[in-house]
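Trainee:
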Amino acid sequence: MSEELTEAVKQHINEPLEDRRWLLQWLEARRYYRWQEALDLFESLIGISQEIGELHKKKISKTLLSTNKAKFAALVSIHVRACRISNEILTLLEAGYPDGAFARWRTLNELAVVSFFLSANNDTISERYLEHEIMLKCKLAREYQVAHLRLNYPPIDQKELDKLKNERDRLLKKYSKEFKEDWGWIPRSILPNPSFRALSEHVKLDHLQPFFRWSSAAVHGLSRGLDSLGLMADKQHETLLCGPSNYGLADPLQNGSISLQQITVCLLTLQPDFESLMNLYVMDNFVEEIGEKAVAIQKTIEKEEASKPK
Numbered sequence: 001m002s003e004e005l006t007e008a009v010k011q012h013i014n015e016p017l018e019d020r021r022w023l024l025q026w027l028e029a030r031r032y033y034r035w036q037e038a039l040d041l042f043e044s045l046i047g048i049s050q051e052i053g054e055l056h057k058k059k060i061s062k063t064l065l066s067t068n069k070a071k072f073a074a075l076v077s078i079h080v081r082a083c084r085i086s087n088e089i090l091t092l093l094e095a096g097y098p099d100g101a102f103a104r105w106r107t108l109n110e111l112a113v114v115s116f117f118l119s120a121n122n123d124t125i126s127e128r129y130l131e132h133e134i135m136l137k138c139k140l141a142r143e144y145q146v147a148h149l150r151l152n153y154p155p156i157d158q159k160e161l162d163k164l165k166n167e168r169d170r171l172l173k174k175y176s177k178e179f180k181e182d183w184g185w186i187p188r189s190i191l192p193n194p195s196f197r198a199l200s201e202h203v204k205l206d207h208l209q210p211f212f213r214w215s216s217a218a219v220h221g222l223s224r225g226l227d228s229l230g231l232m233a234d235k236q237h238e239t240l241l242c243g244p245s246n247y248g249l250a251d252p253l254q255n256g257s258i259s260l261q262q263i264t265v266c267l268l269t270l271q272p273d274f275e276s277l278m279n280l281y282v283m284d285n286f287v288e289e290i291g292e293k294a295v296a297i298q299k300t301i302e303k304e305e306a307s308k309p310k
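Residue numbers (the working numbering): 1 to 310.
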């Protein structure tokens with residue numbers, strides 16, 4: 001019976017899909033009209049960051065100091081990833097999903113913390129950070145080998161596993177047994193008990209921890225995640241939001257722009273020059289205006305809702 005019902009639904013699938021897509025497009029156009037100033041500024045900020053990051057990469061690759069090679073590679077890779085995540089945040093906000101956008105900002109904040117730490121330390125720390133990838137790959141490989149039969153997937157080739165194991169053993173011998181831990185790339189001489197919170201405190205970005213915890217609610221399966229940025233406080237327990245919203249874009253916009261700027265600062269202050277520093281001040285102006293515009297728009301929506309008859 002379920003197979004027959006499935007086929008019946010599929011035969012008439014086009015009309016409901018067209019209606020749904022038309023509604024979502026209309027809502028997106030309406031949302032963009034409301035949030036246009038802040039969204040356009042954020043999109044421009046992403047474009048500026050990408051452009052000046054690529055320009056600085058090309059410029060200093062010709063004059064790169066030997067003591068900055070690993071740091072340069074790490075900061076460039078992090079910046080590229082940050083630009084990609086910022087574009088994901090923009091797409092989610094345009095579609096009306098502030099919780100999803102805030103969850104992606106969580107990763108952006110982690111990258112900003114790591115960038116500040118790498119920038120403040122010598123090239124060896126960046127080398128440890130890059131080489132630690134092998135530890136994570138080994139951990140994932142072990143978990144996959146345990147689960148591959150239940151997944152009905154093929155096992156990892158033994159030669160690949162041996163190659164990973166040999167590389168892991170080499171790095172453990174090079175550093176220490178603590179290197180295999182999730183935050184093992186951070187020397188115990190700098191952080192005795194490394195964790196993300198400890199790292200945030202070390203680089204003086206722990207003031208963003210409340211936002212980090214808030215954004216984590218949308219990532220994990222705990223009951224705190226049942227609330228939504230897309231709903232005002234008085235609607236949280238009256239409405240179950242499963243689609244897009246016109247509200248709640250301010251925090252992802254403001255925090256996303258701040259973290260993208262922080263990561264760009266770390267890259268452009270590696271062998272800085274007048275041009276790179278001037279570009280950072282331009283970004284700073286954009287970040288400030290994005291925050292002001294986003295908060296103003298959200299407060300306007302709140303006033304409009306408060307003025308409606310109950």
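We put the CB at the ideal spot given by N, CA and C, even for glycine.
Computed from a predicted structure; not experimentally measured.
Any idea what DSSP makes of Pro309, helix, strand or coil?
Mentor: Pro309 falls in the coil class under three-state DSSP.
Trainee: Between Leu270, Glu275, Gly291, Pro252, which lies nearest to Asn87 when the distance is taken from Cα to Cα?
Mentor: Of the listed residues, the one whose Cα sits closest to Asn87 is Pro252.
Trainee: Which of helix, strand or coil does DSSP assign to Asn193?
Mentor: It is coil, neither helix nor strand.
Trainee: Which stretch, first to last residue, makes up the alpha helix (DSSP H) that contains His237?
Mentor: Per DSSP, His237 belongs to no alpha helix (DSSP H) and is neither H nor E.
Trainee: May I ask you to report which of helix, strand or coil DSSP gives Lys204?
Mentor: If DSSP states are grouped into helix, strand and coil, Lys204 belongs with coil.
Trainee: Out of curiosity, what's the CA-to-CA distance linking Phe179 and Pro192?
Mentor: Approximately 13 Å, taken between the alpha carbons.
Trainee: So what does DSSP say about Glu181, is it helix, strand or coil?
Mentor: The answer is coil: DSSP assigns Glu181 none of H, G, I, E or B.
Trainee: Alpha carbon to alpha carbon, how far is Ile46 from Arg128? Give it in angstroms, no decimals.
Mentor: The alpha-carbon atoms of Arg128 and Ile46 are separated by roughly 29 Å.
Trainee: With DSSP as the reference, label Gly47 as helix, strand or coil.
Mentor: Note: Gly47 maps to helix in three-state DSSP.
Trainee: In this structure, how does DSSP classify Asp157 when only helix, strand and coil are distinguished?
Mentor: Correct three-state label for Asp157: coil.
Trainee: Quick check on His148: does DSSP put it in helix, strand or coil?
Mentor: DSSP places His148 in helix when its eight states are reduced to three.
Trainee: With distances taken Cα to Cα, identify the nearest neighbour of Leu249 among Glu37, Arg21, Gln25, Leu226.
Mentor: The candidate whose alpha carbon is nearest that of Leu249 is Glu37.
Trainee: Quick one: give me the first and last residue of the alpha helix (DSSP H) that Asn68 is part of.
Mentor: Counting along the chain, Asn68 falls outside any alpha helix (DSSP H), and DSSP gives it neither H nor E.
Trainee: To the nearest angstrom, how far is it from the Cα of Thr300 to the Cα of Pro98?
Mentor: Straight-line Cα distance between these residues: approximately 17 Å.
Trainee: Please work out which residues of its chain come closer than 8 Å, Cβ to Cβ, to Arg81, disregarding the five sequence neighbours upstream and downstream, and give them in chain order.
Mentor: Closer than 8 Å at the Cβ level, and outside the excluded window around Arg81, lie Leu111.
Trainee: With 16 as the cutoff for other CB atoms within 10 Å, does Arg104 come out buried or exposed?
Mentor: Buried, by the Cβ-count rule.
Trainee: Leaving out five residues on either side along the sequence, give the residues of the same chain with a beta carbon under 7 Å from the beta carbon of Pro309.
Mentor: No residues qualify anywhere along the chain.
Trainee: Quick one: grab the DSSP three-state call for Val9.
Mentor: If DSSP states are grouped into helix, strand and coil, Val9 belongs with the helices.
Trainee: In angstroms, rounded to a whole number, what distance separates the CA positions of Leu93 and Asn166?
Mentor: Approximately 44 Å between the Cα atoms of the pair.
Trainee: Can you give the beta carbon distance from Asn246 to Arg34, rounded, assuming they're within the 8 Å contact cut?
Mentor: Right, the Cβ-Cβ distance comes to about 6 Å (below 8 Å), so this counts as a contact.
Trainee: Taking the alpha carbon of Phe117 as the point to measure from, which residue in Leu267, Glu304, Pro16, Asn255 has its own alpha carbon closest?
Mentor: Taking only the C-alpha atoms, the option nearest Phe117 is Leu267.
Trainee: With DSSP run on the structure shown, which of helix, strand or coil describes Tyr175?
Mentor: Three-state result, Tyr175: coil.
Trainee: Determine the closest residue to Glu292 out of Lys173, Glu201, Leu41, Leu5, with distance taken between C-alpha atoms.
Mentor: Closest by alpha carbon: Leu41.
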